[in-house]
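Down below is the structure, laid out as structure tokens.
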Amino acid sequence: MKTLLTSQWARPFLLILVLLVLWDISIRVFAIPAYLVPAPLEVVVQLWREWPMLLSQAIPTTWATLGGFALSVVVGVPIAMLIAYSPLVESFVYPLLVFSQSIPKVAVAPLFVVWFGFGIIPKVIAAFLLGFFPVVVSTVMGFKSIEHDMVDLARSMGSSRWQMFFKISLPQALPAMFSGMKVSITLAVVGAVVGEFVGSNSGIGYVLQKANGNFDLPLMFAALVILSMIGVILFVLLDVIERMMIPWHASHRQEFMATA
Amino acid sequence: MAPGLITLDKVTKIYQTKDGPVESLRPLSFDIREGEFVSVVGPSGCGKSTLLKLVAGLLPITAGQLSLLGRRIDGPQKNVGIVFQGAVLLAWRTVLDNILLQAEIRHLPMAAARERALALIKMAGLSGFEHKYPWQLSGGMQQRVSICRALLHDPPVLLMDEPFGALDAMTREKMNLELQRIWYGSKKTVLLITHSIPEAVFLSDRVLVMSERPGSIAAIYDIDLPRPRSLDVMSTPEFAHLAKTIRGHFFAQGSLDH
Chain A
191 MKTLLTSQWA RPFLLILVLL VLWDISIRVF AIPAYLVPAP LEVVVQLWRE WPMLLSQAIP
251 TTWATLGGFA LSVVVGVPIA MLIAYSPLVE SFVYPLLVFS QSIPKVAVAP LFVVWFGFGI
311 IPKVIAAFLL GFFPVVVSTV MGFKSIEHDM VDLARSMGSS RWQMFFKISL PQALPAMFSG
371 MKVSITLAVV GAVVGEFVGS NSGIGYVLQK ANGNFDLPLM FAALVILSMI GVILFVLLDV
431 IERMMIPWHA SHRQEFMATA
Chain B
179 MAPGLITLDK VTKIYQTKDG PVESLRPLSF DIREGEFVSV VGPSGCGKST LLKLVAGLLP
239 ITAGQLSLLG RRIDGPQKNV GIVFQGAVLL AWRTVLDNIL LQAEIRHLPM AAARERALAL
299 IKMAGLSGFE HKYPWQLSGG MQQRVSICRA LLHDPPVLLM DEPFGALDAM TREKMNLELQ
359 RIWYGSKKTV LLITHSIPEA VFLSDRVLVM SERPGSIAAI YDIDLPRPRS LDVMSTPEFA
419 HLAKTIRGHF FAQGSLDH
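Protein sequence lines, in the order shown, are assigned to chains A and B.
Mapping of the first sequence onto my numbering: position 38 corresponds to residue 228, and the numbering continues sequentially without gaps.
Mapping of the second sequence onto my numbering: position 59 corresponds to residue 237, and the numbering continues sequentially without gaps.
In structure tokens, the structure reads:
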């Protein structure tokens, strides 16, 4: 038990367990009817029964998330670099980006269905719209936080722009970029589901919509569990990639020391 | 007299700011000879660091003539080694790789550069730390790495901008001794910007005293103390006299900066 409590990995699972127990107890104590909140066990049973269906529906949602996230990085990073390097671009583009963020994506998502039909494209776009902003903001910060003395030193070494970028700026910006990407990927999951809500016949968002229509609350909760799992797995994958790419960063130093 | 390695003739620097032009350096004229160790002391904001950046070619001069090794400076100079107040090391590179950045960017032959880097590491007393990362080193050690990096390409001129300003007094004295040893062994021309009058007197052949902004030369002192100097020289009457005279400039101006 003691080792379970001290292990980093076990802690969130233990907390989940505690929350589940609390959930179950509150339903019993306050006599909450099943059509409002299902008991945890019912959700687990539904999760078990519908597992193959949920898993197959998780696949399109994951693809839409990954697509939107990839698009966020591919589009967001270059825009962020332009903003970081050119005050002119920054003054034109940045306010517009902030402005675009205040538009509720749920409200515009139906538009994408009108434009692109019921396929994967509207979902990817919705995921992209949610995931793109954190990538831009943190990448701008990463590229702007380069020490001026370092730039001067590189200039005195006769550094080309290319060398400056790959040997200094990019590695320096990576930690900030990763923190933005981690926010982005969890938001991309939300975006994909929003896309599925408004017009789709596949994906976890569609399952949620359908379960809601049928008052199948256990299935709804089961779908939510799957959804969070997608988010967690993608986040952890990104975290692993981050650890491999920037083991030197302050946030990873403890383990880095242990392995180095 | 040997010709000036670095020559300044009425060098002026005016910054253009939002509130209009700000005069940073009044016309400055002086020469630094080959192999000479020259320090610049002055109150904060007098343009000392600007002066160093002008010599490094990192900032353009507004007027006058400035040349290094007989050539007019019109852009970043490659034949200098620069040390800033902060060590400015790259966190993802080890000590050795940080020093080798100099060789990588200059496209120097890597095998030879590596050998030289290891020799410099040994000279700087960093042996055993080649594969450590900057954050695993103390401030003094980090600064030694940055000095090694500045020396890797064997530049004739070393430009240092308050290199020991962030170190504690004891480490600083040790670094002063080491810098003297390095300079004595290599006979490089050194331009050192510093806040510390004892440091300037201890290390230099000449000390340039700058006035408050806009910076101009208030006085130049020849330091004729015998070399090599030990830290004991600091307690001699000659040393005390020189330090006192230099300090007098700042008291006279009503500003004391250390």
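We put the beta carbon where it would ideally sit given N, CA and C, even for glycine.
Source: prediction; values computed, not measured.
Measure how close the beta-carbons of THR255 of chain A and LEU424 of chain A come, nearest whole angstrom, since I'm counting them as under 8 Å.
Sequence index remark: in the first sequence, residue 255 of chain A carries index 65 (1-based). Sequence index remark: in the first sequence, residue 424 of chain A carries index 234 (1-based). Indeed they touch by this definition, with Cβ atoms about 7 Å apart.
Is it true that the CB of PRO324 of chain A sits closer than 7 Å to the CB of VAL283 of chain A?
Taking the first sequence and counting its residues from 1, the one referred to as residue 283 of chain A is at position 93. Taking the first sequence and counting its residues from 1, the one referred to as residue 324 of chain A is at position 134. Result no, Cβ atoms of VAL283 of chain A and PRO324 of chain A do not sit closer than 7 Å.
If you count every other CB in all the chains shown that lies within 10 Å of the CB of HIS331 of chain B, and 16 or more means buried, which is it?
The residue given as residue 331 of chain B occupies position 153 in the second sequence. By the 10 Å Cβ count, HIS331 of chain B comes out buried.
Helix, strand or coil for ALA269 of chain B? Go by DSSP, reduced to three states.
The count along the second sequence starts at 1 and reaches residue 269 of chain B at position 91. Residue state, collapsed to three classes: coil.
Restricting to Cα atoms, I'd like to know which of A:ALA440, A:ARG433, A:LEU409 is closest to ARG239 of chain A.
One-based indexing of the first sequence puts residue 239 of chain A at position 49. Ranking A:ALA440, A:ARG433, A:LEU409 by Cα distance to ARG239 of chain A puts A:LEU409 first.
Does the beta carbon of MET179 of chain B sit closer than 7 Å to a beta carbon anywhere in chain A?
Translated into the one-based positions of the second sequence, residue 179 of chain B becomes position 1. Caution is warranted here: a pLDDT of 44 is assigned to MET179 of chain B, below 50, making its placement in the model unreliable, and no coordinate value can be reported.
Give a yes or no on contact between the segment 292 to 306 of chain A and the segment 335 to 348 of chain A, applying the rule of three or more CB pairs nearer than 8 Å.
No, because fewer than three Cβ pairs between the segment 292 to 306 of chain A and the segment 335 to 348 of chain A fall closer than 8 Å, the two stretches do not touch.
Fully enclosed by the segment 286 to 358 of chain A, which alpha helix (DSSP H) runs are 4 residues long or longer?
Unbroken alpha helix (DSSP H) stretches of 4 residues or longer found wholly inside the segment 286 to 358 of chain A: 295 to 306, 311 to 334, 338 to 346, given in chain order.
Sequence-distant residues of the same chain with beta carbon closer than 7 Å to TRP199 of chain A, five excluded per side
For the purposes of this step, residue 199 of chain A is taken as the residue at position 9 of the first sequence. Scanning its chain for C-beta atoms nearer than 7 Å, with the 5 sequence neighbours on each side dropped, one finds no residue around TRP199 of chain A.
Run the CB neighbour count on THR195 of chain B, radius 10 Å, all protein chains shown included, and call it buried at 16 or more, exposed below.
Counting from one through the second sequence, the residue named residue 195 of chain B turns up at place 17. Sixteen is the threshold: since fewer than 16 other Cβ atoms of the shown chains lie within 10 Å of the Cβ of THR195 of chain B, the residue is exposed.
Just curious, the beta strand (DSSP E) that TYR193 of chain B is in, first and last residue?
Here residue 193 of chain B is taken as the residue at index 15 of the second sequence, counted from 1. Counting along the chain, the unbroken beta strand (DSSP E) around TYR193 of chain B starts and ends at 182 to 195.
Just confirm the distance between the C-beta atoms of HIS427 of chain B and ALA397 of chain B, as a whole number of angstroms; I'd bet it's less than 8 Å.
For the purposes of this step, residue 427 of chain B is identified with residue 249 of the second sequence, where counting begins at 1. For the purposes of this step, residue 397 of chain B is identified with residue 219 of the second sequence, where counting begins at 1. HIS427 of chain B to ALA397 of chain B, Cβ: 6 Å. Contact.
Is DSSP giving PRO376 of chain B helix, strand or coil here?
As a working note, residue 376 of chain B is residue 198 in the second sequence. It is helical.
C-alpha gap between VAL233 of chain B and PHE342 of chain B, whole angstroms
Position 55 of the second sequence, counted from the first residue, corresponds to residue 233 of chain B. Position 164 of the second sequence, counted from the first residue, corresponds to residue 342 of chain B. If I take the Cα positions, the gap works out to 20 Å.
For a cutoff of 7 Å on Cβ pairs, would you count VAL273 of chain B as touching chain A?
Taking the first residue of the second sequence as position 1, residue 273 of chain B is located at position 95. No, its Cβ sits nowhere closer than 7 Å to a Cβ of chain A.
Burial state of LYS366 of chain B, where buried means 16 or more other Cβ atoms lie within 10 Å:
Translated into positions along the second sequence, residue 366 of chain B becomes position 188. For LYS366 of chain B, the number of other beta carbons within 10 angstroms of its own is at least 16, and it is reported as buried.
For THR196 of chain A, the residue or residues it bridges with in DSSP
Within the first sequence, residue 196 of chain A is the residue found at index 6, counting from 1. Partner(s): none; THR196 of chain A has no beta bridge.
Taking a cut of 7 Å between CB atoms, which residues from the segment 243 to 266 of chain B lie near chain A?
For the segment 243 to 266 of chain B, the set of residues with a beta-carbon nearer than 7 Å to any beta-carbon of chain A comprises PRO254, GLN255, LYS256, VAL258, ILE260, PHE262, GLY264, VAL266, in chain order.
In this structure, how does DSSP classify ALA281 of chain B when only helix, strand and coil are distinguished?
The count along the second sequence starts at 1 and reaches residue 281 of chain B at position 103. Here DSSP, grouped into helix, strand and coil, assigns ALA281 of chain B to helix.
Taking ARG284 of chain B as the query, report the chain A residues whose CB atoms sit under 8 Å from its CB, ordered along the chain.
Your numbering for residue 284 of chain B matches position 106 in the second sequence. Ordered by position in chain A, the residues that pass the 8 Å Cβ test against ARG284 of chain B are MET347, GLY348.
7 Å Cβ cutoff, LEU183 of chain B in contact with chain A:
Walking along the second sequence from the start, residue 183 of chain B turns up at place 5. Nearest CB-CB separation between LEU183 of chain B and chain A: not below the 7 Å threshold.
C-beta neighbour in chain B for LEU287 of chain A, strict 7 Å:
Counted from its first residue, the first sequence places residue 287 of chain A at position 97. Chain B, which has no Cβ nearer than 7 Å to the Cβ of LEU287 of chain A, makes this no.
Going residue by residue through the segment 188 to 242 of chain B, where are the continuous beta strand (DSSP E) segments of at least 3 residues, counting only ones entirely within it?
Unbroken beta strand (DSSP E) stretches of 3 residues or longer found wholly inside the segment 188 to 242 of chain B: 198 to 211, 215 to 219, given in chain order.
Taking its Cβ as the centre, do 16 or more other Cβ atoms sit within 10 Å of LEU345 of chain B, making it buried, or is it exposed?
Indexing the second sequence from 1 puts residue 345 of chain B at position 167. Result: buried.
Classify HIS338 of chain A as buried or exposed, calling it buried when 16 or more other Cβ atoms lie within 10 Å of its own Cβ.
Here residue 338 of chain A refers to the residue found at position 148 when the first sequence is read from its first residue. Exposed.
Would you please state the rounded distance, in angstroms, between the beta carbons of ILE273 of chain A and VAL267 of chain A? I believe it to be under 8 Å.
By one-based count along the first sequence, residue 273 of chain A stands at place 83. By one-based count along the first sequence, residue 267 of chain A stands at place 77. VAL267 of chain A and ILE273 of chain A do not touch by the CB rule: their CB atoms are close to 11 Å apart, not below 8 Å.
Would you mind telling me which residues of chain B sit closer than 7 Å to MET340 of chain A, beta carbon to beta carbon, in chain order?
Counting from one through the first sequence, the residue named residue 340 of chain A turns up at place 150. Result: VAL266.
Output needed for LEU434 of chain B: all residues of its chain with C-beta closer than 7 Å, excluding positions within five of it in sequence on either side, in chain order.
Position 256 of the second sequence, counted from the first residue, corresponds to residue 434 of chain B. Caution is warranted here: a pLDDT of 49 is assigned to LEU434 of chain B, below 50, making its placement in the model unreliable, and the coordinate value is therefore given only provisionally. Once the five neighbours on either side are set aside, the close Cβ partners of LEU434 of chain B are PHE428.
Environment of TYR311 of chain B [buried if 16+ CB atoms lie within 10 Å]
Here residue 311 of chain B is taken as the residue at index 133 of the second sequence, counted from 1. That one is buried.
Step through the CB atoms of chain B and report whether any lies within less than 7 Å of the CB of GLU432 of chain A.
Here the question's residue 432 of chain A lines up with position 242 in the first sequence. For GLU432 of chain A, the answer is no, since every Cβ of chain B falls outside 7 Å of its Cβ.
Exposed or buried, what is GLY248 of chain B when buried is set at 16 or more other beta-carbons lying within 10 Å of its beta-carbon?
Along the second sequence, one-based indexing puts residue 248 of chain B at 70. Exposed, because fewer than 16 other Cβ atoms sit within 10 Å of the Cβ of GLY248 of chain B.
Can you list the residues of chain A that GLN194 of chain B reaches, using a CB-CB cut of under 9 Å?
Taking the first residue of the second sequence as 1, we reach residue 194 of chain B at position 16. Residues of chain A whose Cβ lies closer than 9 Å to the Cβ of GLN194 of chain B do not exist, since the nearest Cβ in that chain is about 16 Å away.
So that I know if they touch, is there some Cβ in chain A lying closer than 7 Å to that of GLN321 of chain B?
The residue you call residue 321 of chain B lines up with position 143 of the second sequence. By the rule that beta-carbons nearer than 7 Å mark a contact, GLN321 of chain B does not touch chain A.
Check the Cβ-Cβ distances between TRP352 of chain A and every residue of chain C, and say whether any is below 7 Å.
Here the protein chains are A and B, and chain C is not one of them.
Spatial neighbours of SER525 of chain B within its chain, please: CB distance less than 7 Å, with the 5 preceding and 5 following residues excluded, ordered by chain position.
This structure cannot settle anything about residue 525 of chain B, because the visible part of chain B is limited to 179 through 436.
So for ALA290 of chain B, helix, strand or coil by DSSP?
Translated into positions along the second sequence, residue 290 of chain B becomes position 112. The answer is helix: DSSP assigns ALA290 of chain B an H, G or I state.
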